[in-house]
Every structure is written in structure tokens, then in C-alpha cells.
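Student:
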Amino acid sequence: MTTFPSNTIGSPSSAASTRFDATVRRAVAEGLLSEEQPVAGFLDADGVRGSVTALHDAFAAVPGVRVLHTFAAKAASLVPVLRLLADCGMGCEVASPGELRLAVEAGFAPERIVLDSPAKTREELRTALALGVAVNADNFDELRRIEELRPAGSGSVVGLRINPQVGGGSIGAMSTATPTSKFGVALRDPGAREQVVRAFAERPWMTRLHAHVGSQGCPLELIAEGIAETYRLAEEINGAVGARQITSLDIGGGLPVNFADDEVRPSFSDYVAALRTAAPGLFDGRYDLVTEFGRSLLAKNGFIGARVEYTKDAGGTRIALTHAGAQIATRTVFMPEAWPLRVGAFDAEGRPRSGPAMVQDIAGPCCFAGDVVAHGRELPELREGDYVVLYDTGAYYFSTHWAYNSLPRPAVYGFAGGHGGDGDGDDVRFVPVRDAQSLDSVAEESGLGHAGALTGLGSATV
Ligand SMILES: *Cc1c(COP(=O)(O)O)cnc(C)c1O
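As C-alpha cells, then:
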């Protein structure tokens with residue numbers, strides 16, 4: 001079996017991409033990137049369809065196995081994106097009341113939605129069970145709540161999340177199967193396995209086991225080992241109760257994404273091959289499968305464009321001050337080694353810049369010194385009015401804004417085309433996915449409606 005690097009940590013992350021050149025050109029020509037709108041997100045709708053097809057094909061290559069592929073909503077929590085995915089035949093994995101609402105608005109049928117949040121309130125559980133959404137309990141206390149709240153004849157599939165404790169990958173925050181991870185029932189803790197078997201034996205309506213071993217930074221073999229462990233537990237439970245009580249396995253998501261160049265690796269086929277090696281019985285048709293992929297479906301299908309407002313030199317370092325920083329690339333700014341992004345340089349007309357490379361820092365607009373999305377990157381010299389492109393940002397970046405400095409959420413556009421013609425993007429069509437946030441909205445979200453609340457409180461007389 002091929003072994004893949006667990007992550008792109010330490011890689012230069014500088015391999016150029018030309019895939020979106022025509023789109024960048026067109027976005028500037030149409031004013032979607034401009035002095036007035038200096039940052040925006042872009043998502044390739046055909047690319048998304050292609051990635052979904054690759055996922056479906058990889059599993060369809062194994063005859064006889066039925067799979068519900070869900071999209072992890074947190075990776076791109078935008079209703080039009082979720083609706084596109086529903087249209088492509090995906091279900092949806094949600095982990096909060098907000099995400100559940102978005103999934104319903106996007107048009108996913110309840111039986112194609114899976115609720116996984118780690119801290120579900122009673123109200124959240126009531127809503128999910130009334131809708132008939134599948135629910136994966138995180139722990140035994142939550143299972144008892146579900147038992148209390150579950151209406152007779154509930155259509156909800158109920159599962160239990162386990163932590164196979166197979167270990168972590170290269171990014172601690174993305175590793176959900178360490179011995180002390182907060183997710184699921186820690187399977188290797190003393191007595192835990194027996195308690196899980198008993199929980200199923202006492203509740204014949206529980207029919208699913210769930211595990212999500214980790215995300216970016218977790219090697220395929222580790223993910224496969226965690227899923228194999230989940231499969232073996234299902235076999236043990238069904239053996240113990242003497243029936244095929246567990247009928248489906250939710251095997252999570254977390255296929256790592258290559259941020260170093262344009263190649264998709266590992267692929268969904270690599271993932272299926274690793275699972276078949278680790279747990280051949282998983283694919284023999286006795287269990288329905290559920291997957292929950294996020295980043296691997298969207299990351300490479302999106303990019304961020306941002307205007308260079310100024311350039312300067314400081315202590316011998318060239319710095320480009322752009323409008324893409326921690327508000328839109330939060331993880332990259334705070335953990336640059338774990339989340340390096342490739343950066344492209346474009347001129348004021350949106351044409352790829354060429355010319356001799358010089359070492360530059362690409363900084364963002366936030367008021368803290370660490371707000372740098374790329375350190376010491378070799379790029380053609382950037383000038384005021386140019387644009388930078390942050391590649392592979394279709395998941396967890398422009399959709400996951402951070403409201404630091406009251407910076408508004410940037411606009412997001414979907415597009416199609418851009419692969420033919422003479423490269424100026426005449427064939428690219430854009431549609432709005434999310435409008436840029438207005439300053440009125442920023443003020444409103446910042447308590448404008450309660451402007452006098454504090455001065456009116458307590459002893460105001462001097
Ligand atoms: C985040 C998450 C996923 C998706 O992870 P990706 O790395 O984006 O594929 C799937 N399942 C659960 C439970 C998650 O928390």
C-alpha cells in the first residue's frame with residue numbers, strides 16, 4: 001500500500017497553479033475584485049461536481065455496498081454550496097443547530113442528514129428526533145437523553161460515536177482518535193468496550209456505530225485502522241446480541257488534502273483501497289456505510305483573491321499588505337507550519353505576474369503583528385493594486401470568517417468555465433453565493449440595537 005506524507009508540514013507550498021488564471025482575470029475585469037471590494041472567495045462549481053463524482057465512483061467500484069455520502073457542513077457552511085452538493089446526490093453531516101438549519105434550507109431530506117455535535121442540548125435532540133434526522137450520540141449520558149426524548153416510532157437512525165484511540169496525526173487539533181480526545185466513547189478505556197456492547201444490547205433501536213478518526217494531518221493508514229476497529233466492534237456487538245442489530249457504520253471523513261501542488265492525493269480511490277486492506281468485511285454488503293467528507297471535496301475547488309493595498313520594507317523584509325489575513329485564513333495565520341497555503345501573484349488586471357522572484361511576506365489587514373498568511377515566499381515582486389490568490393481555500397477558509405477587527409465577511413462567488421478560450425476568461429460565468437457584509441450589518445451584529453444599554457445601567461448621576 002502506498003504511504004502518503006501525513007501532511008504538507010515543512011513543504012515549500014510554492015508550486016504554482018494555473019488552473020484558475022482565467023477566472024482571476026475575469027473576476028478583476030468584472031469588478032468582483034477591485035479597490036472597493038478588495039477580497040472575495042471563489043468556488044468552482046464544476047470542480048465540486050467532479051470531486052463528488054470521484055468520491056461516488058471510488059465506492060461504486062466495490063460491488064454490493066450501499067453508501068450514503070454526506071458532506072460535513074462545517075467545511076463550507078453556505079446554503080448555495082450545500083444545495084449544489086444535495087443536487088450532486090450528497091447527504092449532509094451537521095454539528096450544530098445552525099448547521100442543521102442550513103442543511104434543511106439547502107433541501108436535504110431529513111433521512112440524508114446526520115447530526116454529530118459533541119454537546120447537543122435537549123432541545124437540539126428533540127428537534128432532530130422530530131425531523132427524523134440521524135443522530136450519533138457522543139457519550140452514554142447523551143444516549144440516556146435520547147432514550148428519554150425519542151418519540152415512539154421515531155424515524156431517526158440512532159448511533160453511538162466511539163473513539164478507537166488509535167492515535168493522532170501531525171496536527172493535534174485535527175486528531176480525534178488520541179487517547180484523550182473529547183469525542184465519542186473512549187473504547188480502550190477500562191470497561192468501555194463492555195459498556196458499549198451492553199448499551200446496544202439494552203437498546204435494540206440503536207443500529208449504527210460512528211467513528212471519525214481525524215482530519216488534516218492524519219495518515220490514511222491511521223484512519224483505516226480506526227475504521228477497522230469500529231468494524232470489529234460492530235461484529236462483536238452483533239455477535240453478542242445474536243442479531244444483525246447494527247446495520248450501518250458511519251466511518252466519518254477526514255481525508256487529508258495536499259496543499260503543496262495541484263495534485264489530488266491521496267485520492268478517494270486510495271482511501272477505499274486502504275479501507276479494503278484494513279477491513280475487507282466492511283465492503284461485503286452486510287453494513288450500509290455513511291461517509292462524512294468535507295475538506296477533501298471542497299478545498300481544491302476554491303480560492304481567495306485579495307488586493308495588495310501597499311508594499312513596504314521592514315528590517316530587510318519585503319511585505320505586501322493585502323486584504324486576506326486572519327479574518328479569512330485563521331488557521332493558516334495562527335498555525336503557519338500546519339496550514340501552509342500556496343500564493344499566486346497577479347497584476348492589477350488579474351494577469352499572472354512573471355519576472356524575477358523576490359522573497360516577500362504576504363500580510364493581512366488585521367491589527368496584530370502575526371497577521372501574515374505566508375512568510376518569506378518567493379514570488380514576482382508585488383506592487384500596489386496587484387492581487388494575490390490563496391489556493392486550496394474552498395473549505396474552512398472564506399466560508400469560515402472570523403470577525404476580528406470588525407472586518408466584514410467577504411463576498412463569495414461561484415463560477416463555471418474558465419478552461420477554454422484564450423485565457424482571458426470570456427467563458428467564465430459568476431453567480432453570487434454570499435454577499436459581502438455591509439457596515440450596517442457589522443454595526444448591528446455589534447450590539448447597535450442596544451447602544452445605550454450600559455450607560456443606562458446603574459448610578460449614572462455624577
Ligand atoms: C469535521 C468533521 C468531518 C469532516 O472532516 P474533513 O476533514 O473536513 O473531511 C467529518 N465528521 C465529523 C464528525 C467531523 O467533525
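Be aware that the sequence shown starts at 1, since it is given in full-length UniProt numbering, and climbs by one per residue. Cβ coordinates follow ideal geometry from the N, Cα and C atoms, glycine included.
Tell me, to the nearest whole angstrom, how far the beta carbon of Leu-33 is from that of Tyr-387; I am working on the premise that it is less than 8 Å.
Tutor: Contact flag correct, Cβ pair sits at about 6 Å.
Student: Going by other Cβ atoms of all chains shown within 10 Å of its Cβ, with 16 needed for buried, is Val-114 buried or exposed?
Tutor: By the 10 Å Cβ count, Val-114 comes out buried.
Student: Any heavy atom of ligand 1 within a distance shorter than 7 Å of the CB on Ala-72?
Tutor: yes
Student: Hey, how far is the Cα of Asp-189 from the Cα of Gly-89?
Tutor: 38 Å
Student: Would you identify the three-state DSSP class for Pro-5, choosing helix, strand or coil?
Tutor: Low per-residue confidence applies at Pro-5: pLDDT is 39, beneath 50, and the placement is therefore not dependable, though the value from the model is reported in the following sentence. Three-state result, Pro-5: coil.
Student: Excluding the 5 residues preceding and the 5 following Ala-320 in the sequence, name in chain order all residues of the same chain whose CB lies nearer than 6 Å to its CB.
Tutor: Close CB contacts of Ala-320 within its chain, under the 6 Å cut and outside five residues either way in sequence, are with Val-308, Thr-311, Gln-360, Ile-362 and Leu-382 (chain order).
Student: Go through the segment 45-80 residue by residue and report every complete run of the alpha helix (DSSP H) that reaches 4 residues or more, in order.
Tutor: Correct list: 45-60.
Student: Considering only their Cβ atoms, is the gap separating Leu-341 from Val-372 smaller than 8 Å?
Tutor: It is not a contact, given that the beta carbons lie outside the stated cut-off.
Student: Using the C-alpha atoms, what's the distance from Val-257 back to Glu-148?
Tutor: Rounded to the nearest angstrom, the two C-alpha atoms are 40 Å apart.
Student: Report whether the distance from the Cβ of Asp-116 to the nearest heavy atom of ligand 1 is below 7 Å.
Tutor: yes
Student: Going along the chain, which unbroken runs of the beta strand (DSSP E) with 3 or more residues stay wholly within the segment 373-435?
Tutor: Every beta strand (DSSP E) of 3 residues or more that sits fully in the segment 373-435 is shown, in chain order, as 387-390, 411-416 and 429-434.
Student: Tell whether a beta-carbon distance below 8 Å holds between Gly-132 and Pro-110.
Tutor: It is a contact, given that the beta carbons lie within the stated cut-off.
Student: Hey, would you say Gly-418 sits closer than 8 Å to Phe-20, going by beta carbons?
Tutor: In this structure, Phe-20 lies closer than 8 Å to Gly-418 by Cβ.
Student: Sort Asn-163, Gly-107, His-56 and Leu-160 by Cα distance to Val-81 and report the nearest one.
Tutor: Gly-107
Student: Do you know how far the Cα of Val-264 is from the Cα of Gly-449?
Tutor: 47 Å
Student: Ser-269 lies in the alpha helix (DSSP H); which residues open and close that run?
Tutor: Note, Ser-269: alpha helix (DSSP H), 268-278.
Student: Under a three-way DSSP split, which group does Ser-300 fall into?
Tutor: Reading off the sequence, residue 300 comes out as Lys, not Ser. Residue state, collapsed to three classes: helix.
Student: I need the boundaries of the beta strand (DSSP E) containing Val-290, first residue and last residue.
Tutor: Residues 288-293.
Student: Let's see if you can read the secondary structure: which residues bound the beta strand (DSSP E) around Glu-93?
Tutor: Residue range 91-94 is occupied by the beta strand (DSSP E) that includes Glu-93.
Student: For Met-206, which option in Ser-438, Arg-122, Leu-249 and Leu-187 has the closest C-alpha, if you only look at C-alpha atoms?
Tutor: Leu-249
Student: Can you check DSSP and say which residues form a bridge with Leu-209?
Tutor: Leu-160 and Leu-249
Student: For Gly-167, which residues from the same chain have a beta carbon less than 7 Å from its beta carbon, with the 5 sequence-adjacent residues on both sides left out?
Tutor: The residues are Ala-177, Thr-178 and Leu-222.
Student: Tell me Gly-370's beta-bridge partners as DSSP assigns them.
Tutor: According to DSSP, Gly-370 bridges with nothing at all.
Student: Mind the definition here: the segment 321-329 touches the segment 48-61 only if three or more C-beta pairs lie below 8 Å; say whether that holds.
Tutor: no
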